[in-house]
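For reference, the structure discussed in these notes is given below.
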Amino acid sequence: MQSHLVTMYSSRIYNLGLRMLRNNEDAEDMLQETFITAFQKMHSFKGKSSFYTWIYRIGVNIALGKLRKQSRMQISYSIQEPDFENLHGLKIADWPEYIETKVSDKEFRIALKVALDDLDEKYRSVFVLRDLEELSTAKTAEVLELSESNVKVRLMRARLFLRDHMSTFLKREGWLV
Amino acid sequence: MTKPKHDVELQKKICLDFGADIGSELCREVELLMEECPECKVYYDTMQRSVKLYRVVEDECALPKSVSERLFKVLDLDQLKKDL
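Chains as they are written, first to last, in my numbering: chain A, 3 to 179; chain H, 22 to 105.
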């Protein structure tokens with residue numbers, strides 16, 4: 003039974019760990035801790051949600067715990083909302099259509115990953131759960147213990163941070179005029 | 022010069038939209054509104070494209086065999102795995 007559950011869900015939990023923690027070692031630690039915790043607490047699993055939903059939440063909490071420990075040693079920062087009144091009339095460079103085909107380019111992939119690495123944990127967690135794991139706003143809010151409006155604000159800021167980083171990279175590479 | 026009121030309202034709506042589900046009905050309505058603000062449209066489009074790029078780059082990878090083996094060992098499920 004336990005072996006079957008590990009086989010079924012370990013890959014998805016590991017990928018969640020990779021996305022949230024950004025390195026293989028921490029993702030593996032998180033994976034192991036998640037299953038150890040789940041099996042220790044199996045008696046408390048009431049079947050109200052699916053087993054995956056239950057163990058997924060355990061995994062997110064373990065990842066968040068690790069991120070919080072790390073963030074004590076890092077400088078946390080806030081991303082300001084863009085001042086849209088100032089956007090009007092500015093020249094905002096559009097991205098060329100071929101950008102999507104560049105995604106196999108090693109430098110481009112690294113630039114995307116570095117921007118996500120650089121994103122503060124409080125924004126990255128929301129971005130990972132909403133945009134990569136594709137959880138709903140309500141579920142993300144529940145898992146991260148945030149209000150839905152807070153999830154929306156953080157998600158917007160995360161997306162804009164990543165968008166701006168990509169624009170900077172594309173300009174540097176001469177892909178944007 | 023004071024900006025037209027509709028620009029300000031549009032800009033607020035775009036801000037809200039960044040927190041809404043991409044591809045939802047609300048997003049489509051906002052996209053229509055954004056036609057009035059080409060800069061905002063470009064900004065919004067490139068933001069959407071960056072999310073799509075991330076979905077490609079951060080796509081799920083297979084669990085490495087060594088990671089799986091260590092997991093089974095830590096959980097003391099080695100024998101059970103062999104029996105599966």
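Cβ atoms here follow ideal geometry from the backbone N, Cα and C, with glycine treated the same way.
Just to confirm before moving on: does the CB-CB distance between residue i and residue j stay below 9 Å?
i, j, result
"Leu33/A", "Leu92/H", "yes"
"Val62/A", "Met10/A", "no"
"Lys173/A", "Glu60/H", "no"
"Glu30/A", "Val88/H", "yes"
"Glu175/A", "Lys73/H", "no"
"Arg24/A", "Lys115/A", "yes"
"Ile60/A", "Lys43/A", "yes"
If residue i and residue j are in contact, beta carbons under 8 Å, what's the gap, nearest whole angstrom?
i, j, result
"Leu96/H", "Ile38/A", "7 Å"
"Phe163/A", "Leu121/A", "6 Å"
"Trp97/A", "Arg70/H", "6 Å"
"Ala117/A", "His167/A", "4 Å"
"Thr142/A", "Val153/A", "5 Å"
"Ile57/A", "Ala40/A", "5 Å"
"Asp28/A", "Lys68/A", "6 Å"
"Ala83/H", "Ser13/A", "7 Å"
Let me confirm a value: residue i is counted as buried when at least 16 other C-beta atoms fall within 10 Å, else exposed. Which label applies?
i, result
"Tyr100/A", "exposed"
"Asn17/A", "buried"
"Gly19/A", "buried"
"Glu35/A", "buried"
"Met3/A", "exposed"
"Thr67/H", "buried"
"Pro85/H", "exposed"
"Thr139/A", "buried"
"Arg70/A", "exposed"
"Ser46/A", "exposed"
"Glu87/A", "Note that Glu87/A scores a pLDDT of 49, beneath 50, so its modelled location is shaky; the value from the coordinates is reported in the next line. The residue is exposed, with fewer than 16 neighbouring Cβ atoms inside 10 Å."
"Arg76/H", "exposed"
"Glu79/H", "buried"
"Leu66/A", "buried"
Near residue i, which residues of its chain fall below 8 Å by C-beta distance, leaving aside the five closest residues on each side in sequence?
i, result
"Leu137/A", "Leu131, Val145"
"Ser169/A", "Ala95, Trp97, Leu178"
"Asn26/A", "Leu20"
Keeping to the same chain, check which residues put their C-beta closer than 7 Å to that of residue i; ignore five residues upstream and five downstream.
i, result
"Leu7/A", "Phe53"
"Ala160/A", "Leu121, Tyr125, Arg126, Val128, Phe129"
"Leu98/H", "none"
"Ser149/A", "Ala143"
Interface residues of chain B around residue i at Cβ under 7 Å?
i, result
"Leu114/A", "Included in the structure are the protein chains A and H, with no chain B among them."
Suppose the cutoff is 6 Å on Cβ atoms and the five residues either side in sequence are ignored; what does the same chain contact list for residue i look like?
i, result
"Phe110/A", "Lys104"
"Ala113/A", "Phe171"
"Lys62/H", "Met55"
"Leu157/A", "Val128, Arg132"
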